[in-house]
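Down below is the structure, laid out as structure tokens.
Chains as they are written, first to last, in our numbering: chain A, 139 to 490; chain B, 3 to 156.
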């Protein structure tokens, strides 16, 4: 054999294979790194679940085609915590999907694109009878978050939203049909047989769920609220602090303590006499907020800071409305709006 | 591994900082650590100090809730900052005060621990001041380094 023939017969394919494998394993590595960085916080290592629902279950992987995962990652679930990942490249998304697929040996489903044409009105009746207890009015979804272990709860996994535009724009009719027929093993999602649903019933349910779909507006959302609430006070520094405390108690909150802004940074005798934080809370509200989304704790407990500078006294706080925009969670938005009103009225009351 | 991370992270960081006026939802820095809570807490405190910050307070949210009859897993908020920088910023930019000191929420989920903080990049659109952008950028990088300690504690 000539050297050239040997090169073509053995060496070149070998080099090619080595390159192929190293680039494949590099892709898997990249998928793992990206998943760990962007998804594991909510979906758990290897998809065990958390604030997000579990992705590592065989039943889940066997029902969801790559296209569903791809679109879901791109558009997220507006208002249901799951963020859109606009900035990942197609390549990155494929790497993440490759990593997710590597957890279990399952076949990737290929649902055909045939739309289901059935009666959404009958579907609604069936939905209200069998599904509404878990998936909520009009398929809005269960309250709370995915699968968390930190607090007692009714269902181990929060039923996802079925009327969410991110979901509807990712799921095909045939995929929906399959999920309803099979249910999802190892989760609370029951199979159609448990409700004695016929094939027609399932089609009607699919039509009903599909009827929620609208054209989806995508694009980056611009945060509009200001980051802080600031009120000028006509009172002295100490009077303003006392006013805040009175207003806090009148609102049924518990005063925790007040301390200098630089408490813990300088010796007590050197602490600032012109920057004081008043901490307060209401455990009912905190507990409910943590149940909606455990991440909000970082803005707790409530705090108003009183500042005296150049002879002027100001009382200020974070703006909960602005912060709620960080969480992509409609349920939390409602709680934050309430919190915004509480902060504003305490600040107003104390500086009036 | 570390090299891959920094290589991946560098473009992400750049991307994160380009659109200064259009901040995007989801600007949170979050990490899941497979360490149990006490271990993660210890690593976090070490990482904060190693990054040159002073720990000023730890708020035991879980204990406060338990006292009021609510059961919840470990949940703490860790406050930290740089003394001189805080002093300067509160004087020059009092609007930042409600967000000072910096903080990280750390809480248990079964045998693992989650950490969350808001990305200081969210302040960028509020303050045109370039000097301040440098401070936010520094915080952003420091917070990511601190959090990375919990993802790869070795």
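Glycine residues also receive a C-beta, built at the ideal position from the N, C-alpha and C atoms.
Spatial neighbours of residue i in its chain, beta-carbon cut-off 7 angstroms, leaving aside the 5 residues before and after
i: residue 114 of chain B; result: 34, 35, 36
i: residue 314 of chain A; result: 344, 347
i: residue 448 of chain A; result: none
i: residue 55 of chain B; result: 82, 83, 84
i: residue 76 of chain B; result: 39, 64, 109, 110
Segment limits, beta strand (DSSP E) that includes residue i
i: residue 413 of chain A; result: 413–419
i: residue 106 of chain A; result: A query on residue 106 of chain A cannot be resolved here, the shown segment of chain A reaching from 139 to 490 and no further.
i: residue 105 of chain B; result: 104–111
i: residue 396 of chain A; result: 392–398
i: residue 83 of chain B; result: 77–83
i: residue 32 of chain B; result: 30–35
i: residue 492 of chain A; result: This structure leaves residue 492 of chain A out entirely; chain A is present only between 139 and 490.
i: residue 489 of chain A; result: Unbroken run through residue 489 of chain A is the alpha helix (DSSP H), 468–489; no beta strand (DSSP E).
i: residue 191 of chain A; result: Premise fails: residue 191 of chain A is in no beta strand (DSSP E) and is neither H nor E.
i: residue 115 of chain B; result: 114–120
Three-state secondary structure (DSSP) of residue i
i: residue 22 of chain B; result: Note on residue 22 of chain B: pLDDT 24, under 50, position unreliable in the model; no value is reported.
i: residue 95 of chain B; result: coil
i: residue 218 of chain A; result: strand
i: residue 387 of chain A; result: helix
i: residue 43 of chain B; result: helix
i: residue 299 of chain A; result: coil
i: residue 367 of chain A; result: strand
i: residue 272 of chain A; result: helix
i: residue 186 of chain A; result: coil
i: residue 381 of chain A; result: helix
i: residue 455 of chain A; result: strand
i: residue 324 of chain A; result: coil
i: residue 426 of chain A; result: helix
i: residue 213 of chain A; result: helix
i: residue 409 of chain A; result: coil
i: residue 432 of chain A; result: helix
i: residue 307 of chain A; result: coil
i: residue 334 of chain A; result: coil
i: residue 90 of chain B; result: helix
i: residue 260 of chain A; result: helix
i: residue 464 of chain A; result: coil
i: residue 404 of chain A; result: strand
Residue i versus residue j: straight-line alpha-carbon distance, rounded
i: residue 64 of chain B; j: residue 111 of chain B; result: 13 angstroms
i: residue 395 of chain A; j: residue 297 of chain A; result: 40 angstroms
i: residue 281 of chain A; j: residue 430 of chain A; result: 7 angstroms
i: residue 311 of chain A; j: residue 476 of chain A; result: 39 angstroms
i: residue 80 of chain B; j: residue 58 of chain B; result: 8 angstroms
i: residue 202 of chain A; j: residue 246 of chain A; result: 7 angstroms
i: residue 494 of chain A; j: residue 416 of chain A; result: This structure gives no information on residue 494 of chain A, because the portion of chain A shown stretches from 139 to 490.
i: residue 61 of chain B; j: residue 437 of chain A; result: 11 angstroms
i: residue 325 of chain A; j: residue 219 of chain A; result: 20 angstroms
i: residue 238 of chain A; j: residue 185 of chain A; result: 8 angstroms
i: residue 205 of chain A; j: residue 244 of chain A; result: 16 angstroms
i: residue 153 of chain B; j: residue 353 of chain A; result: 39 angstroms
i: residue 451 of chain A; j: residue 374 of chain A; result: 7 angstroms
i: residue 516 of chain A; j: residue 101 of chain B; result: Any question about residue 516 of chain A goes unanswered here, given that chain A covers just 139 to 490.
i: residue 380 of chain A; j: residue 442 of chain A; result: 12 angstroms
i: residue 121 of chain B; j: residue 240 of chain A; result: 31 angstroms
i: residue 23 of chain B; j: residue 135 of chain B; result: Its pLDDT being 22, under 50, residue 23 of chain B is placed unreliably by the model, and the measurement read from it follows with that caveat. Going by the C-alpha atoms only, they are around 12 angstroms apart.
i: residue 295 of chain A; j: residue 433 of chain A; result: 18 angstroms
i: residue 230 of chain A; j: residue 169 of chain A; result: 7 angstroms
i: residue 490 of chain A; j: residue 261 of chain A; result: 56 angstroms
i: residue 147 of chain B; j: residue 210 of chain A; result: 29 angstroms
i: residue 139 of chain B; j: residue 129 of chain B; result: 13 angstroms
i: residue 99 of chain B; j: residue 180 of chain A; result: 30 angstroms
i: residue 195 of chain A; j: residue 214 of chain A; result: 20 angstroms
Own chain, CB closer than 6 angstroms to residue i, minus 5 neighbours either side, in chain order
i: residue 32 of chain B; result: 118
i: residue 349 of chain A; result: 258
i: residue 385 of chain A; result: 484, 487, 488
i: residue 551 of chain A; result: Residue 551 of chain A is absent from the model: chain A starts at 139 and stops at 490.
Where the alpha helix (DSSP H) containing residue i begins and where it ends
i: residue 506 of chain A; result: The structure shown does not extend to residue 506 of chain A, since chain A is modelled only from 139 to 490, so the question has no answer here.
i: residue 313 of chain A; result: 311–320
i: residue 342 of chain A; result: 337–348
i: residue 151 of chain B; result: 132–153
i: residue 199 of chain A; result: 196–201
i: residue 67 of chain B; result: 63–69
i: residue 177 of chain A; result: Here residue 177 of chain A belongs to no alpha helix (DSSP H), and DSSP marks it neither H nor E.
Same chain only: Cβ atoms within 8 angstroms of residue i, ignoring 5 sequence neighbours per side
i: residue 47 of chain B; result: 57, 80
i: residue 68 of chain B; result: 74
i: residue 363 of chain A; result: 457, 459, 460, 463
Quiz item: What are the residues of the segment 291–307 of chain A that lie near chain B, defined by any Cβ-Cβ distance shorter than 9 angstroms?
Solution: none
Self-check item: Members of the segment 432–464 of chain A near chain B, C-beta cut-off 9 angstroms
Solution: 432, 433, 434, 435, 436, 437, 438, 439, 441, 442, 443, 445, 447, 452, 454, 455, 456, 457, 460, 461, 463, 464
Exercise. Taking a Cβ distance cut-off of 7 angstroms, strictly less, list which residues of the segment 398–424 of chain A are near chain B, in chain order.
Key: 399, 400, 401, 402, 403, 404, 413, 421, 424
Quiz prompt | chain A contacts from the segment 34–49 of chain B (Cβ-Cβ distance under 7 angstroms) | solution = 34, 36
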